[in-house]
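Take a look at the structure below.
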């Protein structure tokens, strides 16, 4: 399996503060990967490093096997949609398409035009007058029409209403279905990510805490509830991710590979949001998640 | 990329085009008129010449405002076309769209600089050409183009100033990354550099011509009375159209006259004239005053002569090229810095 | 052509929901052999879900012998899903009732019985699929 994104010891420092540190992750090709984490955790920094808008302080990153933005060809292979969908407010939609066509050798003008028509947008309209959802769709069109091999998105739907969000993700998912590109998308909205992502990367406290297939994450994490006890008594193949105790009861989220045999535990499955929250819980750095990204084929 | 730069500049370019057109039309209409006045002057005789000169002078003074405005053109271009070039993209966040397209940052910068530079050269060049052409009659009469007040809006230096101003604006915007502060820095920086070069460098671009004159009244030696005694001001000889850069009274050893010497040599002037008041000017000086003045003059002139440094009018174009070269050289350095900064430091 | 929907709160994984909806449609006769299932692109464009989810569901249906994919054309229904005949269901139901009596006698309350059944059911389902 080939990787879409490989980061090795990637770090970025601003002055004395590390926005990202020791980031090592491999995201396989053909995935729609979600990038989650608290605000200021380094998600935007990671995306900007992958796209060449930032240069690393240490470590390296490769996108589709090559360094970011090293030449015009690589710039053409990587599509990027920055936070808040930046566009030129005084230029029309048609101007933006021309801009894309002039600056990208692999531009698919027919696709771009078809997308604008499907959105019922007037090409002569100034981009500054578009609604948030329309802006995001225009920016998505610009990113996709250059026929990238991978698409990186920085919180593309954060400020959109539910309908606009659904439309955006539908277009994105439809493009992936048709062209099989890889996607890495950062977002706060875990419900959306749960629908559309099959891979998850969690960045918290400037480090990568989790990087795994969503199916595996859901299959290997459980919430257990039982009488209060010391969790170091758990079997070796069960790792505590998060725990909470009252005077009578212990609740924990654990990572486990096989079935849980202890009948004194009430066992529950978790949603993706539950898993993410458990890893982000308490704000503490819970350390690098130990599961290898390229796991055994199931 | 060329189209994109032009499209982003479109509004500003149309404004500039309007200004150039308005100036060109005004200058053409009045210039034709001025030109005919000049032809009339050339064929004049006797005392009609004075009247014709007055007409030309009056015409010139009315439109001279455009020349004054022309002084501002380079810095205006620098502030409005140079400073926002990179700064606005960064401030508004659109760099996150522009720098992920299929062109490298170097190509992006090069295209923006080339289009903006060409537009700057065209606007500045057109305005300067129009104004220089318009001022031909006056320049032929006065022939003092090399004078600092006129030098700056003739010939080719305005284009070099403009290109330098834009380069300074781009560099400021690239490093400061915010448009308004960059505009302020461009304004202040441009004025500073222009003043330094005009007052300290231009006079020495070509070694000035030195000439020595004996002190005579013909050159308008001025005697000024002040609380500390008498001060001498060496008047400047009239070299037609030359730019006098310095004029000193020195003795054969190169020393300026001390105030003790002056007070002693021109003692008679102190006795005659009232102790306070403006220097003798106009009116009919009294006999004793004239005598005292002549004594002072010959006393000083016995030991001191006048050394004048100047740039002759014939050096106008040489100085224009040299000064343009300086400003274009500075522009090139700033452009190199900007490109380096965009490629290496804005990450 | 059927339309899919997703219940994000059902606790059943999305691809299984799609499989179940096809099976349900087959049972009700809404889908018959030869009918085309919605293309991956269409499903994904409406539901905004990951294409692999749909692919997984269609693969699952292929494994179960209910559908077959024709490259470049689409995925088509190949079989019907008859309900188990009523006669076969009776002994199963009697076994269930017997088990329930045993469970109650052992002291399990309603919720424990439900939980036990749910867990075992899920485990057996995932084992079948894996």
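Residue numbers (my numbering), protein chains in the order written: chain A, -1 to 296; chain B, 0 to 346; chain C, 2 to 131.
Ideal placement from N, C-alpha and C gives every residue a C-beta, glycine not left out.
Residue i classed as buried or exposed, judged by whether at least 16 other C-beta atoms fall within 10 angstroms
{"i": "residue 298 of chain A", "result": "One cannot answer for residue 298 of chain A here, as it falls past the ends of chain A, which runs -1 to 296."}
{"i": "residue 117 of chain C", "result": "exposed"}
{"i": "residue 128 of chain A", "result": "buried"}
{"i": "residue 207 of chain A", "result": "buried"}
{"i": "residue 190 of chain A", "result": "buried"}
{"i": "residue 115 of chain A", "result": "exposed"}
{"i": "residue 46 of chain A", "result": "buried"}
{"i": "residue 88 of chain B", "result": "buried"}
{"i": "residue 9 of chain C", "result": "exposed"}
{"i": "residue 127 of chain B", "result": "buried"}
{"i": "residue 30 of chain C", "result": "exposed"}
{"i": "residue 44 of chain B", "result": "exposed"}
{"i": "residue 324 of chain A", "result": "Since the first and last residues shown for chain A are -1 and 296, residue 324 of chain A lies out of range."}
{"i": "residue 322 of chain B", "result": "buried"}
{"i": "residue 37 of chain A", "result": "exposed"}
{"i": "residue 73 of chain C", "result": "exposed"}
Beta-carbon proximity of residue i to residue j, cut-off 8 Å
{"i": "residue 364 of chain B", "j": "residue 309 of chain B", "result": "Residue 364 of chain B lies beyond the range of chain B shown here (0 to 346); nothing can be said about it."}
{"i": "residue 148 of chain A", "j": "residue 2 of chain A", "result": "yes"}
{"i": "residue 123 of chain B", "j": "residue 72 of chain B", "result": "yes"}
{"i": "residue 252 of chain A", "j": "residue 223 of chain A", "result": "no"}
{"i": "residue 122 of chain A", "j": "residue 89 of chain A", "result": "no"}
{"i": "residue 97 of chain A", "j": "residue 3 of chain B", "result": "yes"}
{"i": "residue 198 of chain A", "j": "residue 31 of chain A", "result": "yes"}
{"i": "residue 69 of chain B", "j": "residue 157 of chain B", "result": "yes"}
{"i": "residue 303 of chain B", "j": "residue 249 of chain B", "result": "yes"}
{"i": "residue 172 of chain B", "j": "residue 83 of chain B", "result": "yes"}
{"i": "residue 73 of chain A", "j": "residue 341 of chain B", "result": "no"}
{"i": "residue 271 of chain A", "j": "residue 192 of chain A", "result": "yes"}
{"i": "residue 326 of chain B", "j": "residue 120 of chain B", "result": "no"}
{"i": "residue 64 of chain A", "j": "residue 180 of chain A", "result": "no"}
{"i": "residue 300 of chain B", "j": "residue 231 of chain B", "result": "no"}
Cross-strand partners of residue i (DSSP beta bridge)
{"i": "residue 15 of chain A", "result": "A:12"}
{"i": "residue 299 of chain A", "result": "Nothing can be reported for residue 299 of chain A, as the shown portion of chain A is limited to -1 through 296."}
{"i": "residue 223 of chain A", "result": "A:249 and A:264"}
{"i": "residue 213 of chain B", "result": "B:304"}
{"i": "residue 148 of chain A", "result": "A:76 and A:180"}
{"i": "residue 60 of chain A", "result": "A:4"}
CB contact below 8 Å: residue i versus chain A
{"i": "residue 320 of chain B", "result": "no"}
{"i": "residue 47 of chain C", "result": "yes"}
{"i": "residue 3 of chain B", "result": "yes"}
{"i": "residue 50 of chain C", "result": "yes"}
{"i": "residue 23 of chain C", "result": "no"}
{"i": "residue 20 of chain C", "result": "no"}
{"i": "residue 9 of chain C", "result": "yes"}
{"i": "residue 12 of chain C", "result": "yes"}
{"i": "residue 31 of chain B", "result": "no"}
{"i": "residue 78 of chain C", "result": "no"}
{"i": "residue 346 of chain B", "result": "yes"}
{"i": "residue 41 of chain C", "result": "yes"}
Residue-chain proximity (residue i, chain B), Cβ-Cβ < 8 Å
{"i": "residue 86 of chain A", "result": "yes"}
{"i": "residue 276 of chain A", "result": "no"}
{"i": "residue 103 of chain A", "result": "yes"}
{"i": "residue 69 of chain A", "result": "yes"}
{"i": "residue 74 of chain A", "result": "yes"}
{"i": "residue 234 of chain A", "result": "no"}
{"i": "residue 292 of chain A", "result": "Below a pLDDT of 50, predicted positions are generally treated as unreliable, and residue 292 of chain A, at 31, falls in that range; the measurement from the model is reported next regardless. Not one chain B Cβ lies under 8 Å of residue 292 of chain A."}
Beta carbon proximity, residue i to chain C, threshold 8 Å
{"i": "residue 267 of chain A", "result": "yes"}
The ligand GDP heavy atom lying under 7 Å from the CB of residue i
{"i": "residue 327 of chain B", "result": "As presented, the structure is devoid of all ligands, the ligand GDP included, so that no description of it is given."}
Item to check | Contact list for the stretch 83 to 110 of chain B against chain A, Cβ threshold 9 Å | outcome: 91, 92, 93, 94, 95, 96, 97, 98, 99, 100, 101, 102, 103, 104, 106 and 107
Checklist entry - What are the residues of the stretch 164 to 182 of chain A that lie near chain C, defined by any Cβ-Cβ distance shorter than 7 Å? => result 164, 167, 168, 171, 172, 174, 175 and 176
Checklist entry - Residues in the stretch 102 to 116 of chain C with C-beta within 7 Å of chain A's C-beta atoms, listed in sequence order? => result none
Item to check | Members of the stretch 187 to 217 of chain A near chain C, C-beta cut-off 9 Å | outcome: Taking 9 Å as the Cβ-Cβ cut-off against chain C, the residues of the stretch 187 to 217 of chain A that qualify are 189, 190, 192, 193, 194, 195, 196, 212, 213, 216 and 217.
Item to check | Interface positions of the stretch 12 to 43 of chain A facing chain C (Cβ-Cβ less than 7 Å), listed along the chain | outcome: Hits within the stretch, in order: 30.
Checklist entry - Of the residues that make up the stretch 2 to 24 of chain B, which ones have a beta carbon closer than 7 Å to any beta carbon in chain A? => result Flagged, chain order: 2, 3 and 6.
Checklist entry - Listed from N- to C-terminal order along the chain, which residues in the stretch 115 to 133 of chain A have their beta-carbon within a distance smaller than 9 Å of any beta-carbon of chain B? => result none
Checklist entry - Using a Cβ cut-off of 7 Å, which residues of the stretch 51 to 65 of chain A contact any Cβ in chain B, in chain order? => result 51, 52 and 53
Checklist entry - Listed from N- to C-terminal order along the chain, which residues in the stretch 159 to 193 of chain B have their beta-carbon within a distance smaller than 7 Å of any beta-carbon of chain A? => result none
Checklist entry - Which residues, in chain order, does the stretch 135 to 164 of chain A contribute to contact with chain B at a C-beta distance below 7 Å? => result 144
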